[in-house]
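Since the structure comes first, as C-alpha cells, the remarks are kept for the end.
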Amino acid sequence: MAAGRRPVTVRRLRRWLVNALRMLALVAVLVWSGFPILLVVFSSLRPPRDIFGGGGSLLSLTTRNYTNLWERWPDFFHNLVNSLVIALSATALTLVVSFLAGYVYSRRDSRALTASAFFMILVRLLPPIVITLPLFPAVNWLMLNDTRTVLVILYCAFFVSLGTWIMKAFIDQLPRELEEAAAIDGAGLWQTLRLVVLPLSYAGMIATSVFIMVFAWNDFLFAFIFTAVDAKTAPLVISEMVGAIDGVDWGILFAAATLQLVPILVFVILVQKYLIAGLTAGTVKG
Amino acid sequence: MKPSARDWGLVLPAQALLTVLLFVPSLYVFWLSLTKSTYGQSPVWVGLANYTAVLSDPYFWTATLNTAIVVNAVVFGEFLLALAVAMLFAGWIPWRRVMIAVVLAPYAISEVVAVVIFKYMSEPYAGPVTLALKAIGLPTLDWAVEPSHGLAMVVLLSIWHHLPFTFILLYTALLGIPRELYEAAQVDGAGAWHKFRHITVPLLVPAMLVALVFRYIFAFRIFSEVWLLTGGGPARTTEVLAVYLYRQAFRYSDFGAAAATGWLMLIASLLMGSWYIWQMYRRMFAHGRR
Numbered sequence: 042m043a044a045g046r047r048p049v050t051v052r053r054l055r056r057w058l059v060n061a062l063r064m065l066a067l068v069a070v071l072v073w074s075g076f077p078i079l080l081v082v083f084s085s086l087r088p089p090r091d092i093f094g095g096g097g098s099l100l101s102l103t104t105r106n107y108t109n110l111w112e113r114w115p116d117f118f119h120n121l122v123n124s125l126v127i128a129l130s131a132t133a134l135t136l137v138v139s140f141l142a143g144y145v146y147s148r149r150d151s152r153a154l155t156a157s158a159f160f161m162i163l164v165r166l167l168p169p170i171v172i173t174l175p176l177f178p179a180v181n182w183l184m185l186n187d188t189r190t191v192l193v194i195l196y197c198a199f200f201v202s203l204g205t206w207i208m209k210a211f212i213d214q215l216p217r218e219l220e221e222a223a224a225i226d227g228a229g230l231w232q233t234l235r236l237v238v239l240p241l242s243y244a245g246m247i248a249t250s251v252f253i254m255v256f257a258w259n260d261f262l263f264a265f266i267f268t269a270v271d272a273k274t275a276p277l278v279i280s281e282m283v284g285a286i287d288g289v290d291w292g293i294l295f296a297a298a299t300l301q302l303v304p305i306l307v308f309v310i311l312v313q314k315y316l317i318a319g320l321t322a323g324t325v326k327g
Numbered sequence: 003m004k005p006s007a008r009d010w011g012l013v014l015p016a017q018a019l020l021t022v023l024l025f026v027p028s029l030y031v032f033w034l035s036l037t038k039s040t041y042g043q044s045p046v047w048v049g050l051a052n053y054t055a056v057l058s059d060p061y062f063w064t065a066t067l068n069t070a071i072v073v074n075a076v077v078f079g080e081f082l083l084a085l086a087v088a089m090l091f092a093g094w095i096p097w098r099r100v101m102i103a104v105v106l107a108p109y110a111i112s113e114v115v116a117v118v119i120f121k122y123m124s125e126p127y128a129g130p131v132t133l134a135l136k137a138i139g140l141p142t143l144d145w146a147v148e149p150s151h152g153l154a155m156v157v158l159l160s161i162w163h164h165l166p167f168t169f170i171l172l173y174t175a176l177l178g179i180p181r182e183l184y185e186a187a188q189v190d191g192a193g194a195w196h197k198f199r200h201i202t203v204p205l206l207v208p209a210m211l212v213a214l215v216f217r218y219i220f221a222f223r224i225f226s227e228v229w230l231l232t233g234g235g236p237a238r239t240t241e242v243l244a245v246y247l248y249r250q251a252f253r254y255s256d257f258g259a260a261a262a263t264g265w266l267m268l269i270a271s272l273l274m275g276s277w278y279i280w281q282m283y284r285r286m287f288a289h290g291r292r
C-alpha cells in the first residue's frame, strides 16, 4: 500500500508544480503586456521631479503634468480633436464603402467579380511608404496638403480592402432567406440593404471599425508626411515632444501620451470580442 | 447569382479608392524609378540607372541587411512568444476575459507612444529597466550609441507591439482544435510533447502560415519605430529600407532612387506574400466555379 501511495503524491506534487509554473508564466505575460502601459498612465500622475529616480512617495499624485501640458502645448488639444475627427470620418467612410462592396462579394458570383476581389487582396500587400512617394506631389497639386481630408481618404483607401473582407465574411453568415422574403414583398435592392442586411450586420461593422479606428487614431507615417500645421494629429505632436531641442519634459510627455492612449485602449477593450472575430475573418477566411 | 450593373456600382467606390490611391500610384512609382526627377523638375528618362545607383549604394545594403535581421528576429521571436502565450491561454486561466484584454492592450497603443515607453524604460541614466538591469549586474542597452543595441530595441518594441495580432490568430486556431483528439491521445497514453507534436502543430499549420506571412509583410514596412527611436543613426547604421526610401525622397529629393527602392520593396512584399496570394487565388477561383 505504501509503495502505491508514493506515485500519487509525486503526481500531485508534479501537478502542483506545473500549475505554479503556469501561473508564474501568466504573471510574466501580464507584466510584459500591461506594465509598460500602466507605467505611462501612473507616471503622468506623479510630480515631475519624481518621475525619474523614484524619489517621493508613490502615493503623492498630482495633475501638475496635465496643467503643464495645457500651458506649454495648448495646441495639443486641437491636435487631439483632429485625431478624433479624422478617425471617426475615416471609420464612417470605410464602413459605408466596405458594407456595399462586402454585400456584393458575399451574395453575387462571377469570374469578373472574383477577379476584382482578388485584386483587392493583392493591393493590400503594397507597402504604404512606397505609395506616399507619388501621392505627395499629387496631394500638393490638389492643394490637399495639411488637411484632414487627405488623411481620411488615405486611411480609408488602406483599410477598405480589409473592411470589405470582414464585411463579406460576416454577411456570409446571414441567412439569404430574409433577403429573398424582402424581394418577394417587393423591396428593391436599396430597401433590402437598408432594412434587412444593415441592421443584421452590426457585428461586422464593429469588427471593421476597430481596425480602421485604431489605425487612424494612432498613425504616424501618413500624418508625418502629409500634415504640417493645421491637420497635425496627436501622435505627431507627441513625437515632436520626444524630439524637443530643449530636452524632453517627461511629465508633459506622459500626460500627452495618456490622453492619447486611454480613449482608444478603452474602446479596444470594450469591443475585444469583435476585434478577435474580425481578425480571423479578415485574414483566414477566403 | 451574377452581379448586375447596379451591383458593380456598389463595388465601384471600394475599387475606385484602391485603384486611384494605391494601384495607379504604384505603377507611377515604377515609371518614376526609370526617370531622374526632383522638386520642380520634370522627370527625364534614365532607364535602369536608378536601380544600378541604388544597388551600388552601401547604405542601401546596410538598410537591406538591417531590415532582414529585424524582420526575421521580430517575426520568429514574436511567433514563438505568441505560440507559448496561446498555449498557456488554451488551458485554464483565471478571469479569462480580463487576461485576454491585458494581452491585447498593446494593440491599441500607437507606435509613437510605444517608442516613448521604451525610450523611458531604457533611459541610459535613470530608466527603470536600466536601473533594474544594473541592480542585478546585467549589461544595459546603449541603444543611442551602439547600432546593434538600437536594432535590438526596435525588435523588442515591435514584438511587444504586435504580439496581440499573432496571439489572436494562434489562440483562436488552438480553440478550434477538437478536444476529442486530445482525449483520444490521452487514452492511447500519449505524453504532452507527443500531443503537441502530433495534434497541435499539424492542425495549427494553416493559422501559423497565415500569421507568419502577414507579419512578414507588415514587419517589412517598419518605419516609425526606427525613425522615432534611432532616426536611422548613428551615421545611418540602423536604417531600414523604409527609412532609406524616406531619406532618399524627402531629405535628398532624389525621387528616382527612392522610387527604385520602392519598387524593390514592392516586389519583395509580393514575393513574401506569394504563398498567401496563391492560397487565396486557389480558394477564390475554386469557389467561383462551383
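Heads up: the sequence lines are chains A and B, in that order. Numbering of the first sequence is given in our numbering, commencing with residue 42 and proceeding in unit increments. Numbering of the second sequence is given in our numbering, commencing with residue 3 and proceeding in unit increments. All C-beta atoms in this analysis are idealised placements derived from N, C-alpha and C, irrespective of residue type, glycine included.
Rounded C-alpha distance that separates residue i from residue j
i, j, result
"B:Val-73", "B:Gly-234", "16 Å"
"A:Thr-337", "A:Val-251", "Lying outside 42 to 327, the shown extent of chain A, residue 337 of chain A is not represented and no answer is given."
"A:Leu-183", "A:Leu-134", "20 Å"
"A:Ala-296", "A:Thr-103", "11 Å"
"B:Met-286", "A:Thr-155", "7 Å"
"A:Glu-220", "B:Asp-9", "15 Å"
"B:Phe-311", "B:Leu-106", "Shown here, chain B extends from 3 to 292; a query on residue 311 of chain B therefore has no answer."
"A:Phe-199", "A:Leu-174", "15 Å"
"A:Asn-123", "A:Ala-275", "8 Å"
"B:Pro-166", "B:Ile-119", "18 Å"
"B:Gly-129", "B:Val-87", "27 Å"
"A:Trp-291", "B:Thr-142", "21 Å"
"A:Phe-267", "A:Val-193", "11 Å"
"B:Thr-66", "B:Thr-54", "15 Å"
"B:Leu-90", "A:Phe-83", "29 Å"
"B:Ile-138", "B:Val-76", "26 Å"
"B:His-163", "B:Ala-84", "12 Å"
"B:Ala-18", "B:Tyr-283", "21 Å"
"A:Gly-327", "B:Ser-58", "The pLDDT assigned to A:Gly-327 is 45, lower than 50, so where the model puts this residue is not dependable; a value taken from the coordinates is nonetheless given after this. Approximately 42 Å, taken between the alpha carbons."
"A:Arg-148", "B:Gly-49", "46 Å"
Host alpha helix (DSSP H) of residue i (start-end)
i, result
"B:Gly-275", "Per DSSP, B:Gly-275 belongs to no alpha helix (DSSP H) and is neither H nor E."
"B:Gly-152", "149-177"
"A:His-119", "116-148"
"A:Thr-103", "Note, A:Thr-103: premise wrong, no alpha helix (DSSP H); not H, not E."
"B:Ala-134", "130-137"
"A:Ile-19", "In the structure as shown, chain A starts at 42 and stops at 327, and residue 19 of chain A therefore has no counterpart that could be examined."
"B:Tyr-248", "243-248"
"B:Trp-94", "Where B:Trp-94 is concerned, there is no enclosing alpha helix (DSSP H), given that its DSSP letter is neither H nor E."
"A:Asn-173", "Asn is not the amino acid found at residue 173 of chain A; the sequence shown has Thr there. 169-182 is the extent of the alpha helix (DSSP H) around A:Thr-173."
"B:Ile-224", "Unbroken run through B:Ile-224: none, as it is neither H nor E."
"A:Val-278", "275-283"
"A:Glu-218", "218-225"
"B:His-196", "194-197"
"B:Glu-185", "181-189"
"A:Met-246", "243-259"
"A:Phe-159", "152-164"
Where residue i meets chain B, residues with beta-carbon distance less than 8 Å
i, result
"A:Tyr-144", "Leu-12"
"A:Gly-75", "Val-104, Ala-107"
Under 9 Å by beta carbon: chain B residues contacting residue i
i, result
"A:Ile-305", "Ala-110, Ile-111, Ser-112"
"A:Ala-198", "Leu-19, Leu-20, Val-22, Leu-23, Leu-24"
"A:Leu-71", "Met-101, Val-104, Val-105"
"A:Phe-117", "Chain B residues near A:Phe-117: none, gap ~13 Å exceeds 9 Å."
"A:Val-283", "Val-114, Val-117, Val-118, Lys-121, Leu-230"
"A:Met-232", "For the record, residue 232 of chain A in the displayed sequence is Gln; it is not Met. Correct list: empty, because the minimum Cβ distance to chain B is about 13 Å."
"A:Asn-259", "Ala-110, Ile-111, Ser-112, Glu-113, Val-114, Val-115"
Where residue i meets chain B, residues with beta-carbon distance less than 7 Å
i, result
"A:Leu-163", "Ile-279"
Residue i: contacting residues in chain A (beta-carbon distance under 8 Å)
i, result
"B:Gly-275", "Leu-166"
"B:Ala-260", "Leu-174"
"B:Ile-170", "Leu-316, Ile-317, Leu-320, Thr-321"
Beta bridge counterpart(s) of residue i as assigned by DSSP
i, result
"B:Trp-47", "B:Thr-37"
CB contact check: residue i to chain C, cutoff 7 Å
i, result
"A:Val-201", "Judged by its chain identifiers, the structure shown contains no chain C, and its protein chains are A and B."
9 Å Cβ cut-off: residues of chain A touching residue i
i, result
"B:Ser-271", "Leu-166, Leu-167, Pro-168, Val-171"
"B:Ala-75", "Those do not exist, as B:Ala-75 stays about 17 Å from chain A at its closest Cβ, beyond 9 Å."
Interface partners of residue i on chain A, CB under 7 Å
i, result
"B:Phe-225", "Ile-170, Leu-262"
"B:Leu-176", "Those within 7 Å of B:Leu-176 in chain A number zero; the least Cβ separation is about 12 Å."
| request: Would you check if the stretch 160-169 of chain A and the stretch 215-225 of chain B touch, i.e. whether three or more CB-CB distances between them fall below 8 Å? | output: Judged by Cβ distances under 8 Å, the stretch 215-225 of chain B makes contact with the stretch 160-169 of chain A, as three or more pairs qualify.
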